[in-house]
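Just below is one structure, and these are the notes that go with it.
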Amino acid sequence: MKRLVLLSFLLFHVLQVHCQSLRSESGYVRFFSSALVEDITATNNKATAVFDPVSGEAVFLIPIAAFEFRKSLMKEHFNENYLESEKFPEAYFRGKISGYIPEKPQSNAVAEGELTIHGVTKPVKIQGTITDKGGKIGMQAVFKVVLKDYNVEIPRLMFQNIAEEVEVTIKFEFKNQN
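Numbering (my numbering), first residue to last: 10 to 187.
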């Protein structure tokens, strides 16, 4: 785990060296679980990201304990029983984003790389959009995450309360490093 965190840290700094590096320090991440008994939504405004529009390299880092729920007990169960945020404090994506066309106000983009959640890393390909409004670069995507793919176990007693697949929404606004 320490090696992965160190690798992410180094990648952040390598990307920052490039003149074109863009950084986002208050990205929005939301997950939504729709199950028979109840829907669960949590949001997080503390995600960070670095994106190099020239190379397409990108890193997104999401602090797990920063997710906010409408009920404090949901947050407690999420952090202690499901995502084990003390043991696995962050989720992150490392990879490349293709499809960004700087001359266009909106581009369809694809992020390909590795997504790590709950200590498990899986290859992913995520469709999204990149907007360019007067030098403000925005990224957003909506995608599904199957919890068992990341060894997030749902007790049989809770299967009606928590969906096996959750919808994740991300939104980032980037600023030039210079």
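Cβ atoms here follow ideal geometry from the backbone N, Cα and C, with glycine treated the same way.
Contact annotation: serine 33 and phenylalanine 152 have beta-carbon atoms that are not nearer than 8 Å.
Three or more beta-carbon pairs separated by less than 8 Å link the region 117-131 to the region 92-107, which places the two stretches in contact.
Rounded to whole angstroms, the gap between the alpha carbons of phenylalanine 78 and isoleucine 49 is 8 Å. Beta-bridge pairing by DSSP links alanine 118 to Gly137. Looking at the DSSP output, glycine 104 bridges to Ala67, Gly122.
Taking the CA atoms as reference points, valine 46 sits about 8 Å from isoleucine 171. Contact check for alanine 51 against phenylalanine 87 passes: the beta carbons are separated by less than 8 Å.
Among the bridge pairs identified by DSSP, phenylalanine 40 is matched with Ala51, Val177. Restricting attention to Ser30, Ala75, Val154, the CA atom closest to the CA of glycine 65 is found in Ser30. Judged by beta-carbon spacing, phenylalanine 76 lies beyond the 8 Å limit of asparagine 90, meaning their Cβ atoms are not closer than that value.
Between tyrosine 109 and isoleucine 139, the C-beta gap is smaller than 8 Å, which places the two residues in contact.
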